[in-house]
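Report on the structure given below.
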Amino acid sequence: LPTIFQQAVPVLKKLEKAGFEAYFVGGSVRDYLLGRTINDVDIATSAYPEEVKAVFPKTVDIGIEHGTVLVLEEGREYEITTFRTESSYTDYRRPDKVEFIRSLDGDLKRRDFTMNSMAMDGDGTIIDPYHGREDIQNGLIRTVGSPEMRFTEDALRMMRAVRFVSQLGFNLESTTLISLSDHSKLLAHIAVERKTMEFEKTLAGRWKREGLNLLVDTGLYKELPFLSGYRTQLKAFADLPGLDSLNKDQAWLVLLTYIGEEDMQAFLKGWRLPTKMIRLRSKELDILKERHTGWTKTLLYRAGLDAALNVEKVYGCLEPSSDFSVERVMEQYRKLAISSRQELDVTGTDLMVWADQKGGPWVKERLLEIESAIINETISNDKEEIRRWLVTCNRL
Ligand code: ATP
Ligand code: MG
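Heads up: the sequence shown is residues 883 to 1278, going by our numbering.
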């Protein structure tokens, strides 16, 4: 077993010693069988939350109404969730009621896809009543039970299917696919934040082309913020050669150029994305527009290294026959005389002393002139040289 499981085996054993069943479940078992990196191991148990808390000295209630207790063991954190069923979904999202149960079977049955409905005990024995292993071998995403029922219960599962396509390169099993197309409108009931989370994972995946095509072909895209009128653009986005090699941020940037929304800020806010992310993408979009006439030292400096690299990568993708090179941009950036204002060898105070004048808007103006002269290599970033230059130009 991989180390991450081995380290967690004592947690299972403690629950078993106390008379309960406990297994690894969900994404970790799937990723183990796929040979992918395992992010975190989730544990499911027959113990009720209060019973879990009695077994472990250090716990945190993180979602006790859903049966989840966070356990701290050997400096590591484990989410331990009581076996449960979910019942009476009335609003196409999240169950009205969760019921704790004592049997693993019922717990596996409520899970979304066969590949996510396996359990593994501490010896590495896999419990797989829905034949997830076989579906993994065939690269298939299949709902546990009737897809109609499962997508109607919780419409987010349709977005999860798409992001798993993008992450794993799998196909949807045929009835699952048909049902997804039939029920895509139900996604309207899901909170934007949750759709965004799955969409971002879709953009981050290696098979994002397949994921995006699926969004378009099934009509799911119509229930995503602002995208309903953009079928053609989304198709073009999905078909862009080189798309696979872009990371999530770069993929967003390409999408933004395809959408060409007047008000980019409003578009990204509509997705409830963090302010910082919105600022970064808006800036990159501006830099990208200017990149079409070539990089200047000033443009590189304004961009900063991360944005410059994202922009160059995206530019190369959009304009494959142009003269672009991420390595060259990195090299040119490294050669800039300074990379931020903080590196200037003068301060506003220096200027006020030299000019024997009080502060005011002129200080900032002068600093900007100095900054620009240094970036364009008219002068070097040296206090004495800057002072002499100011005197020569009558700027003091
Ligand atoms: P990741 O590796 O991205 O975390 P994951 O499969 O572990 O993928 P989680 O959101 O962490 O996804 O969920 C853990 C498990 O809970 C899933 O593997 C699945 O068994 C179950 N699950 C999650 N969301 C749903 C849902 N909407 N409906 C049914 N089961 C779900
Ligand atoms: Mg997970």
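No residue lacks a Cβ here, since even glycine has one placed at the ideal position from N, Cα and C. Note that this is a predicted model, so its numbers are computed, not measured.
Using C-beta distances below 6 Å, list every residue in its chain close to residue i, excluding the 5 sequence neighbours before and after it, in chain order.
i, result
"residue 1255", "1261"
"residue 968", "977, 980, 992"
"residue 1092", "1047"
"residue 894", "904, 1004"
"residue 1105", "1069, 1070"
"residue 907", "924, 926, 1001"
"residue 1211", "1190, 1194"
"residue 934", "951, 962"
"residue 1273", "none"
"residue 1017", "996, 997, 1024"
"residue 911", "1000, 1002"
Nearest by alpha-carbon distance to residue i: which of the options is it?
i, options, result
"residue 1175", "1165, 1164, 1194", "1194"
"residue 903", "1160, 1276, 962, 1251", "962"
"residue 1083", "1045, 1243, 891, 1001", "1045"
"residue 1069", "965, 899, 1103", "1103"
"residue 1237", "1221, 1277, 1205", "1277"
"residue 1201", "1010, 1004, 1100, 1125", "1125"
"residue 932", "1004, 1221, 943, 1152", "943"
"residue 1113", "1098, 1030, 1014, 1270", "1098"
"residue 949", "924, 973, 939, 957", "924"
"residue 928", "1003, 984, 921, 895", "984"
"residue 896", "939, 885, 913", "939"
"residue 1130", "1089, 1142, 921", "1089"
"residue 1078", "1218, 1151, 1220, 1230", "1151"
"residue 1075", "1013, 1012, 1154", "1154"
"residue 1028", "1231, 917, 1058", "1058"
"residue 1171", "1160, 922, 1136", "1136"
"residue 1063", "1056, 1101, 1050, 1095", "1101"
"residue 1108", "886, 1144, 1127", "1144"
"residue 917", "1265, 1050, 1055, 987", "1050"
"residue 1056", "1030, 1110, 953", "1030"
"residue 1251", "1228, 1241, 1239", "1228"
"residue 1111", "1121, 1096, 1142", "1142"
Check residue i in the structure and name its three-state DSSP category.
i, result
"residue 903", "coil"
"residue 1000", "coil"
"residue 1053", "strand"
"residue 1007", "coil"
"residue 1260", "coil"
"residue 1022", "strand"
"residue 1095", "helix"
"residue 1268", "helix"
"residue 1248", "helix"
"residue 1243", "helix"
"residue 912", "helix"
"residue 1229", "coil"
"residue 1106", "coil"
"residue 1060", "helix"
"residue 1089", "coil"
"residue 884", "coil"
"residue 1076", "helix"
"residue 918", "coil"
"residue 1237", "helix"
"residue 1014", "helix"
"residue 1032", "helix"
"residue 1042", "helix"
"residue 1037", "coil"
"residue 1278", "coil"
"residue 1222", "coil"
Sorted by chain position, which residues of the same chain lie with C-beta nearer than 8 Å to residue i's C-beta, five sequence neighbours on each side aside?
i, result
"residue 1267", "1261"
"residue 1294", "The shown model of the chain, from 883 to 1278, leaves out residue 1294, and the question about it has no answer."
"residue 1071", "973, 974, 975, 1037"
"residue 1253", "1220, 1223, 1226"
"residue 1123", "1199, 1202"
"residue 1182", "1190, 1211, 1214, 1215, 1218"
"residue 1133", "1085, 1086, 1090, 1125"
Looking only at its chain, what residues have a beta carbon closer than 7 Å to the beta carbon of residue i, apart from the 5 residues adjacent to it on each side?
i, result
"residue 1146", "1138, 1164, 1167"
"residue 1206", "1194, 1197, 1198"
"residue 1042", "994, 1080"
"residue 1179", "1218, 1257, 1258"
"residue 886", "920, 923"
"residue 1118", "1140"
"residue 1061", "1029, 1030, 1033"
Hey, residue i and residue j are a contact pair by Cβ (cut 8 Å); roughly how many whole angstroms apart?
i, j, result
"residue 1248", "residue 1233", "5 Å"
"residue 1053", "residue 1021", "6 Å"
"residue 824", "residue 1012", "No statement about residue 824 is possible, as the shown extent of the chain runs from 883 to 1278 and does not include it."
"residue 1169", "residue 1185", "5 Å"
"residue 1128", "residue 1094", "Not quite, the Cβ-Cβ distance comes to about 12 Å (not below 8 Å), so this is no contact."
Residue ranges of each beta strand (DSSP E) within the stretch 920 to 996, 3 or longer: Entirely contained in the stretch 920 to 996, the beta strand (DSSP E) runs reaching 3 residues are, in chain order, 924 to 927, 941 to 945, 950 to 955, 958 to 964, 966 to 969, 979 to 982.
Note down, one range per segment and in chain order, each beta strand (DSSP E) of at least 3 residues found wholly within the stretch 1143 to 1219. none
Please give the ranges of any alpha helix (DSSP H) in the stretch 1114 to 1141, keeping only runs that are unbroken, at least 4 residues long and fully inside the region. 1130 to 1141
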